[in-house]
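Numbering (this note's numbering), first residue to last: 363 to 934.
Written out below as structure tokens is the structure these notes cover.
As structure tokens, this is what we get:
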């Protein structure tokens, strides 16, 4: 009996032990599955948050690039309008051709006279010569014609640039019209109409984004300007997302990031769209390991509770490392995008400062030219006075010409269309030509200019005219920032593999904290100084680009109030 009872007791105890193990296993499995699901949700939320932030930064980068491009073209058109205010049709055509060939992104330039008729255009094949805004009808497009007429009259009356929202072109496709008035004094001469095709803008900024990314560009009235998925036809209205017909609602869940494009009176938007599954794919490897962990953990729990504890620590460590790795990758990607956006903000600020500067640089010489011209017309002045006023006119015309030339040079260099006529040239001849060109201005300011060039200095392979331009610009800078009676010196040295030329002055100098930025486009050491000395902040940027295209280098050394020295190197 005792043996039987003991056996029953052992059986009951064994059952209790198995029940305890079973309960522990079930509880352990339940806890692991629960924690795994919760961990999956947390990981999914973290990755999706990072992905959404990356998507927003990318859409901002796209919109910022388009915004800068559109405003730059508008500025060039406004400067062109000032330049042709009293020009003949042939001169206008030449100016249009020059700007068109040295910049990119503009489909056509047209000049519309005061009666609303297209009289000049470039290129010719894109110009509807004789087109009359008030007479021509578009039976297939009743909305566009009133917009063109109303905008023409608004720009004429307000004397301000206006941009119409994209409309259908006669040649097909959509185009944004930039209208800029041309006045000679108070007399209305007509308007420049420049057309930017939406297809050119999308080709430049949006074509590189392939599935699963989708890009939409819409105007402020909801018109579709570009759709990479081709769900919408260009020019149609963006459908109401709440009416149940939006294709986005008929597909899987998607993530959308919007960024605005502010272009004068136009407000467009960029929408960057991606399926939510794209974010999920970033953590698939984590999910696979986590699910495998759960399965293995359950198996090992059944076999041994001790093995479960060991595996739990091992797999959790693996998951932590994987999540940390993915999070770090997204963080680095977001940081790169943030740095790019910061650089774009800096460029936008420089461009804003540049526009203010250009306005000053245009207004000052134009005012002087107007006053001088009126004085000559209204007064029977002495011959010497007339000569002084005419010299003033010539100087200001040269000043405007330099500004336009610098703008065109920097535009050509940025577009990659700069071409050089390379030949074997003598630095003696180049420096003598540059000095001779500017010597009269030095004499007027009583500046001393000297050169020290070795007679046996080797010749170099370069574009002679461009290198002359480099030295004229450097000498002009020295003239501008050196006080009356100062000294400017040009010296050359021969080294084993290169030739070094120094242009030294004893002028105002450059602060140490700003000397690394003086070769940046549009940069000015001091806005107050800029207004005092003049300049558009492009000369040194053009010089640096030319020298580096020749395989050389340029740097500056300076101390405030002790002058500056610009050091150029040329390969032998």
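Don't be surprised by glycine CBs; every beta carbon is placed ideally from N, CA and C.
Fair warning: this is a prediction, and the values are worked out from it, not measured in the lab.
query: Quick check: the Cα distance between residue 486 and residue 703, rounded to an integer number of angstroms?; result: 39 angstroms
query: Taking the beta strand (DSSP E) that residue 932 belongs to, which residues open and close that run?; result: 926 to 933
query: What's the gap between the Cα of residue 471 and the Cα of residue 465?; result: 12 angstroms
query: Exposed or buried, which one is residue 431 when buried takes at least 16 other CB atoms within 10 Å?; result: buried
query: State yes or no: is the C-beta of residue 630 within less than 8 angstroms of the C-beta of residue 580?; result: yes
query: Residues in its own chain within less than 7 angstroms of residue 416 by CB, not counting five upstream and five downstream?; result: 692, 695, 696, 699
query: CB-CB under 7 angstroms to residue 612, same chain, minus the five flanking residues each way: which ones, in chain order?; result: At residue 612 the pLDDT is 47, less than 50, meaning the model places this residue with poor confidence and gives no usable figure here.
query: Could you name the residues of the same chain whose beta carbon sits closer than 7 angstroms to that of residue 545, not counting the 5 residues immediately before and after it, in chain order?; result: 447, 521, 551
query: Could you tell me the boundaries of the alpha helix (DSSP H) in which residue 797 lies?; result: 789 to 806
query: Where does residue 764 land, buried or exposed, given buried means 16+ other C-beta within 10 angstroms?; result: buried
query: Of the residues 510, 791, 561, which one's Cα is nearest the Cα of residue 428?; result: 561
query: If I measure Cβ to Cβ from residue 436 and keep anything under 7 angstroms in the same chain, skipping five residues before and after, which residues do I get?; result: 523, 540, 626
query: Roughly how many angstroms separate the alpha carbons of residue 494 and residue 479, rounded to a whole number?; result: 4 angstroms
query: Quick one: residues in its chain with C-beta nearer than 8 angstroms to the C-beta of residue 513, no 5 flanking neighbours on either side, listed in chain order?; result: 524, 526, 539, 541
query: For chain B, check one thing: does any of its Cβ atoms lie closer than 8 angstroms to the Cβ of residue 427?; result: Annotation note: the requested chain B is absent from the structure, which comprises a single protein chain.
query: Measuring straight from C-alpha to C-alpha, what distance separates residue 635 and residue 618?; result: 5 angstroms
query: List the whole-angstrom C-beta distance separating residue 865 from residue 840, where the pair is believed to meet the contact cut-off of C-beta under 8 angstroms.; result: 6 angstroms
query: Buried or exposed: which applies to residue 508, given that a residue is buried once 16 or more other Cβ atoms fall within 10 Å of its Cβ?; result: exposed
query: Go to residue 462, then tell me how far its alpha helix (DSSP H) extends in each direction, as first and last residue.; result: 451 to 464
query: Rounded to the nearest angstrom, how far is the Cβ of residue 786 from that of residue 823, given a contact under 8 angstroms?; result: 6 angstroms
query: Is it buried or exposed for residue 458, if we count other Cβ within 10 angstroms and need 16 for buried?; result: buried
query: Count the other CB atoms, across all protein chains shown, that sit within 10 Å of the CB of residue 921; report buried if there are 16 or more and exposed otherwise.; result: exposed
query: Taking 7 angstroms as the limit between beta carbons, can you name the residues of its chain near residue 820, skipping five residues before and five after?; result: 856, 861, 934
query: Could you name the residues of the same chain whose beta carbon sits closer than 7 angstroms to that of residue 909, not counting the 5 residues immediately before and after it, in chain order?; result: 832, 915, 916, 930
query: For residue 469, which option in 574, 782, 558 has the closest C-alpha, if you only look at C-alpha atoms?; result: 558
query: Taking the alpha carbon of residue 497 as the point to measure from, which residue in 488, 484, 511 has its own alpha carbon closest?; result: 511
query: Tell me the residue span of the alpha helix (DSSP H) that contains residue 904.; result: 901 to 911
query: Pop quiz: residue 801 and residue 815 are said to be a contact at Cβ under 8 angstroms. What is the actual Cβ separation, rounded to whole angstroms?; result: Between residue 815 and residue 801 the Cβ distance is about 16 angstroms, and since that is not below 8 angstroms, they are no contact.
query: Tell me whether residue 493 sits in a helix, a strand or coil according to DSSP, three-state version.; result: coil
query: Report the residue from 685, 583, 533, 574 whose alpha carbon sits nearest the alpha carbon of residue 405.; result: 685
query: Please classify residue 452 as buried or exposed, where buried requires at least 16 other C-beta atoms within 10 Å of its C-beta.; result: exposed
query: Go ahead and label residue 924 buried or exposed: buried means 16 or more other beta carbons lie within 10 angstroms of its beta carbon, across all protein chains shown.; result: exposed
query: Locate the alpha helix (DSSP H) running through residue 583, then write down its first and last residues.; result: Where residue 583 is concerned, there is no enclosing alpha helix (DSSP H), given that its DSSP letter is neither H nor E.
query: Are the beta-carbon atoms of residue 449 and residue 543 separated by less than 8 angstroms?; result: no
query: Go through its chain and collect everything with a Cβ distance to residue 563's Cβ below 7 angstroms, but skip five positions before and after it.; result: 428
query: Compare the beta carbon distance of residue 937 and residue 926 with 8 angstroms and say whether it is the shorter of the two.; result: Because the chain is modelled from 363 through 934, residue 937 falls outside the range shown and cannot be assessed.
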